[in-house]
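Residue numbers for the sequence shown follow my numbering, so the first one is 106 and each next one is one higher. Cβ coordinates follow ideal geometry from the N, Cα and C atoms, glycine included. Please read these numbers as outputs of a predicted model, since none were measured by experiment. Encoded as structure tokens, the structure appears first; notes follow it.
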Amino acid sequence: MFQFNAMNQAVLLFDGYCNLCNGLVQFVLKADKKKKFLFASLQSESGQALLKKFDLPINDLNTFVLIIDDKYYIKSTAGLLVLKELGGFWKLFYVFILIPRPLRDFVYNNIAKYRYKIFGKRNTCMIPTTELNDRFLH
């Protein structure tokens with residue numbers, strides 16, 4: 106059975122079939138110089154286990170989930186916290202947290218709804234390269 110217990114690391118759950126989501130994962134991998142983030146697709150065994158652990162829907166692939174210190178964040182809040190955690194220039198975008206969450210999530214939900222039409226969809230989940238394998242939960 107999967108069990109996550111990493112100190113000083115965060116886990117990003119993403120739709121492994123979504124080209125936009127995979128692009129965001131690639132961006133975070135490059136920008137995350139301290140290797141703070143681990144990754145798992147929502148469809149993976151570990152992703153499903155984490156969703157269950159936090160009583161989140163296991164079939165909702167429209168949600169970007171960030172887990173830090175045994176707490177979860179979803180949608181726009183998760184995205185803004187990722188930028189904040191990356192630090193440097195990226196943390197400046199965290200100012201958008203001041204926009205009320207319903208408004209931020211309205212924009213997020215519309216992007217999520219049309220992401221396959223706009224950015225496309227993969228036939229299989231992303232498979233990490235050998236050098237990145239230790240950053241992915243399976």
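- prompt: Is Tyr122 helix, strand or coil when you go by DSSP?
  reply: coil
message: Please classify Val133 as buried or exposed, where buried requires at least 16 neighbouring CB atoms within 10 angstroms.
response: Burial call: buried.
message: Considering only DSSP beta bridges, list what Ile173 is partnered with.
response: Beta-bridge partners of Ile173 (DSSP): Lys176.
- request: Return the residue from the list Arg209, Leu125, Thr234, Phe211 that minimises the CA-CA distance to Ile223.
  value: Leu125
- request: Just tell me which of Thr168, Gln153, Phe144, Gln148 has its CA closest to the CA of Asp210.
  value: Thr168
task: Leaving out five residues on either side along the sequence, give the residues of the same chain with a beta carbon under 7 Å from the beta carbon of Gln108.
output: For Gln108, the predicted model reports a pLDDT of 48, less than 50, meaning its position is unreliable; a value from the coordinates is still stated below. Closer than 7 Å at the Cβ level, and outside the excluded window around Gln108, lies no residue.
message: I'd like to check one pair, Leu147 with Gly121: are the Cβ atoms closer than 8 Å?
response: Yes, these two residues count as a Cβ contact at 8 Å.
message: Helix, strand or coil, according to DSSP, for Phe132 in the structure here?
response: Residue state, collapsed to three classes: helix.
- prompt: Should Lys180 be labelled buried (16 or more other beta-carbon atoms within 10 Å of its own) or exposed?
  reply: buried
- request: Please report how far the alpha carbon of Leu186 lies from the alpha carbon of Gln153, in whole angstroms.
  value: 22 Å
task: Could you tell me which residues DSSP puts in a beta bridge with Leu117?
output: Phe144, Leu171
- prompt: CB-CB under 6 Å to Tyr178, same chain, minus the five flanking residues each way: which ones, in chain order?
  reply: Leu171, Leu186
- prompt: Over what stretch of residues does the alpha helix (DSSP H) that includes Lys139 continue unbroken?
  reply: It is not in any alpha helix (DSSP H) - Lys139 carries neither H nor E in the DSSP assignment.
field: Classification of Gly225 by the beta-carbon crowding that lies within 10 angstroms, buried from 16 upward
entry: With fewer than 16 other Cβ atoms within 10 Å, it is exposed.
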